[in-house]
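Engineer: Take this structure first; my questions come after.
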Amino acid sequence: MKPSLLLLSFLMLAAGPALAADATKTNPKAVAMPSPGYPAELTDTGKAGVAVMEFVVKADGSVGDIVVKSADHPAFGAAATEVLGQWKFEPGTRNGEPADMKVSLPMKFTPPVEQLINAAFKRKVFLKLTEPALSQKDYGKKLKVKKNAAPEYPRQLRGKAVDAKVEVQFVVAPDGTTVNPKIVGDVRKEFVTPSINAVVKTIYEPPVKDGKPVYVEMSRTLKFSEPLPDIGGNFGGRSGGRQGGEGGGGGDYD
0 MKPSLLLLSF LMLAAGPALA ADATKTNPKA VAMPSPGYPA ELTDTGKAGV
50 AVMEFVVKAD GSVGDIVVKS ADHPAFGAAA TEVLGQWKFE PGTRNGEPAD
100 MKVSLPMKFT PPVEQLINAA FKRKVFLKLT EPALSQKDYG KKLKVKKNAA
150 PEYPRQLRGK AVDAKVEVQF VVAPDGTTVN PKIVGDVRKE FVTPSINAVV
200 KTIYEPPVKD GKPVYVEMSR TLKFSEPLPD IGGNFGGRSG GRQGGEGGGG
250 GDYD
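Heads up: the sequence shown is residues 0 to 253, going by numbering that gives the first Met the number 0.
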């Protein structure tokens, strides 16, 4: 999570209009501002929020008197407090002398994309494997799909006749669910979410080799074509396009 560049381009806007109007005063200049990490206790909750912080930039350039004015979650306030103590400034001045100056600053927290996906599906989609995944070749046979999910054509592209092919690499877990999906190559952003959704919603027959549950690397190519309008002029039944079979490790779902 990074502090807003607009707010930090100068923090002292929050210190009051008199500061900018008084020619005998100069604003502190940021020297080091490490970003706060997303709170560990909120991992996979998908929760975003803001902590409004008040602090003093001291005459020696350090930060002190840190106060959480408000926070959407206590963890945001704690993370902001911890990182603010590491910030360093070239101090502001009054009448040419370094001086303490109070600042009020909102700090925004957004969870990592992987955690947002984990939260949306209410399971660990992105995780560290407990053992290496087998390649399709090493697994030695084709994995069967128990429940397929077709990709949905992006609503924001309807009417623009944009077609696409998206390759997604992923791992089939011992329980048949898919984990660690990764888009291959450059893809229009509108196709990223529906591609990930289709892969994550698809369930395979649990992979077993030599009587032992295993992880298996897979690849799936998704084809997107705009759904045809129905007679009434509304977009009709095809979601992500025609759906076909999957071969080898790089199945083609039309």
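Where is the CB? At the ideal position from N, CA and C, for every residue including glycine.
All values derive from a computational prediction rather than experimental measurement.
What does a CB cutoff of less than 8 Å around Gly95 pick up in its chain, not counting 5 residues either side in sequence?
Structural biologist: Taking the sequence shown and counting its residues from 1, the one referred to as residue 95 is at position 96. Counting only residues of its own chain and dropping the five nearest sequence neighbours on each side, Gly95 has a CB closer than 8 Å to the CB of Thr23.
Engineer: What is the C-beta distance between Val186 and Val199, in whole angstroms, given that I count them as a contact (C-beta under 8 Å)?
Structural biologist: In the sequence shown, residue 186 corresponds to position 187, counting from 1. In the sequence shown, residue 199 corresponds to position 200, counting from 1. The Cβ separation is near 16 Å, so there is no contact.
Engineer: Counting only runs of 3+ residues fully inside the stretch 135-196, write out the beta strand (DSSP E) ranges in chain order.
Structural biologist: With a minimum length of 3 residues, the unbroken runs of beta strand (DSSP E) contained wholly in the stretch 135-196 fall at 144-146, 163-171, 177-183.
Engineer: Note down, one range per segment and in chain order, each alpha helix (DSSP H) of at least 4 residues found wholly within the stretch 36-109.
Structural biologist: 73-83
Engineer: At the level of alpha carbons, what is the spacing between Pro206 and Ser103?
Structural biologist: As a first step, residue 206 must be located in the sequence shown, where it is residue number 207. As a first step, residue 103 must be located in the sequence shown, where it is residue number 104. Answer to the nearest angstrom: the Cα atoms are 55 Å apart.
Engineer: Is it buried or exposed, Ala70, if we count other Cβ atoms within 10 angstroms and call 16 or more buried?
Structural biologist: Here residue 70 refers to the residue found at position 71 of the sequence shown. The residue is buried, with at least 16 neighbouring Cβ atoms inside 10 Å.
Engineer: Check the C-beta distance from Pro150 over to Ala197 and give it rounded, since I have them as a contact under 8 Å.
Structural biologist: By one-based count along the sequence shown, residue 150 stands at place 151. By one-based count along the sequence shown, residue 197 stands at place 198. With a Cβ gap of about 4 Å, Pro150 and Ala197 count as contacting.
Engineer: Cβ of Pro90 less than 7 Å from any chain D Cβ?
Structural biologist: The question asks about chain D, but that chain is absent: this structure has only one protein chain.
Engineer: Closest to Thr92 by CA distance: which of Asn26, Val167, Thr129 is it?
Structural biologist: In the sequence shown, the residue the question calls residue 92 occupies position 93. Ranking Asn26, Val167, Thr129 by Cα distance to Thr92 puts Asn26 first.
Engineer: When DSSP labels each residue in this structure, what does Leu115 get in the three-state scheme?
Structural biologist: Residue mapping note: residue 115 aligns to position 116 of the sequence shown, counting from 1. Three-state result, Leu115: helix.
Engineer: Out of Leu156, Ile195, Lys28, state which residue places its alpha-carbon closest to the alpha-carbon of Ala87.
Structural biologist: For this step, residue 87 is matched to residue 88 along the sequence shown. Per the sequence shown, the amino acid found at residue 87 is Lys instead of Ala. Measuring from the Cα of Lys87, the nearest candidate turns out to be Lys28.
Engineer: Out of Pro33, Ala39, Pro90, which one is the CA nearest neighbour of Val56?
Structural biologist: Here residue 56 refers to the residue found at position 57 of the sequence shown. It is Pro90.
Engineer: Starting from Arg219, follow the beta strand (DSSP E) in both directions and report where the run begins and ends.
Structural biologist: Taking the sequence shown and counting its residues from 1, the one referred to as residue 219 is at position 220. Here the beta strand (DSSP E) through Arg219 covers 215-223.
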